[in-house]
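Novice: What the sequence shown shows, in this note's numbering, is residues 166 to 290, in sequence order.
Note that beta-carbon positions come from the ideal geometry of N, C-alpha and C, so glycine has one too.
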Amino acid sequence: MERWHLPTVAASGKRDPQVLFSGAGARGVVIDLHAGEEMRDHSVKERAIVQIVSGTVEIEAAGQTTTCEAGTLIAFAPNERHALRATAEARLLLVLAPWPAADHYRDDRPHDASQMPSKATARPL
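#1: What are the boundary residues of the beta strand (DSSP E) that LEU171 is part of?
#2: Kindly indicate which three-state DSSP category ALA213 falls into: helix, strand or coil?
#3: Whose C-beta lies closer than 8 Å to the C-beta of THR286 among residues of the same chain, with five residues either side of it excluded?
#4: Hey, is the stretch 196-212 in contact with the stretch 252-266, meaning 3+ C-beta pairs nearer than 8 Å?
#5: So, at 6 Å on beta carbons, what are the nonlocal neighbours of GLU225 in its own chain, with the 5 sequence-adjacent residues on each side left out?
#6: When the cut-off is 9 Å and only beta carbons count, does PRO243 lie next to chain D?
#7: Report the option in PRO289, ALA262 and THR230 whose CA atom is closest to the CA atom of LYS210.
#8: Helix, strand or coil for ARG250, going by three-state DSSP, please let me know.
#9: Rounded to the nearest angstrom, what separates VAL218 and ASN244 at their Cα positions?
#10: Who are the near neighbours of GLU234 in its chain, counting only those whose CB is closer than 6 Å to its CB and skipping five residues on each side?
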């Protein structure tokens, strides 16, 4: 078993997220956003599950915008377009599953799902 206390994981930004775990089943990432910071309209190849750990974000998907506070869990289908904007300092837990999706990478080389970024990892407790 591995475990993390999400409120105390070292701070990270959207450009340098903290990867908690990574394997063929899923990848877990902590992302911190400053008030007003955005993750503009995008999609990912995997199913994306977003847990609002702290703060408040507005999420836009399918032409609708909703305000999500700490404790909210959102699930996006693979390739579903969405955007996020922090209305207050916010911490998110992003889980991508399965990791990586078959068409995540643009080249045909095999990729190791357990490969962890060298500078952006948070060790379990």
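Specialist: Taking the structure as given:
#1: Within the sequence shown, the letter at position 6 stands for residue 171. Boundaries cannot be given for LEU171, as no beta strand (DSSP E) includes it and DSSP labels it neither H nor E.
#2: Within the sequence shown, residue 213 is the residue found at index 48, counting from 1. Correct three-state label for ALA213: strand.
#3: As a first step, residue 286 must be located in the sequence shown, where it is residue number 121. Hits under 8 Å: GLN183, VAL184 and LEU185.
#4: yes
#5: Position 60 of the sequence shown, counted from the start, is the residue given in the question as residue 225. In its chain, beyond the 5 residues on either side, ALA248 have a beta carbon closer than 6 Å to the beta carbon of GLU225.
#6: The chain inventory of the structure shown lacks chain D, comprising one protein chain alone.
#7: Taking the first residue of the sequence shown as position 1, residue 210 is located at position 45. Nearest option by C-alpha distance: ALA262.
#8: Looking up residue 250 in the sequence shown gives position 85. Of the three classes helix, strand and coil, the one that applies to ARG250 here is strand, per DSSP.
#9: Position 53 of the sequence shown, counted from the first residue, corresponds to residue 218. Position 79 of the sequence shown, counted from the first residue, corresponds to residue 244. A direct Cα-to-Cα measurement between VAL218 and ASN244 gives close to 24 Å.
#10: Counting from 1 along the sequence shown, the entry for residue 234 is found at position 69. In the same chain as GLU234, and ignoring 5 residues on each side of it, the C-beta atoms closer than 6 Å to its own belong to THR221, in chain order.
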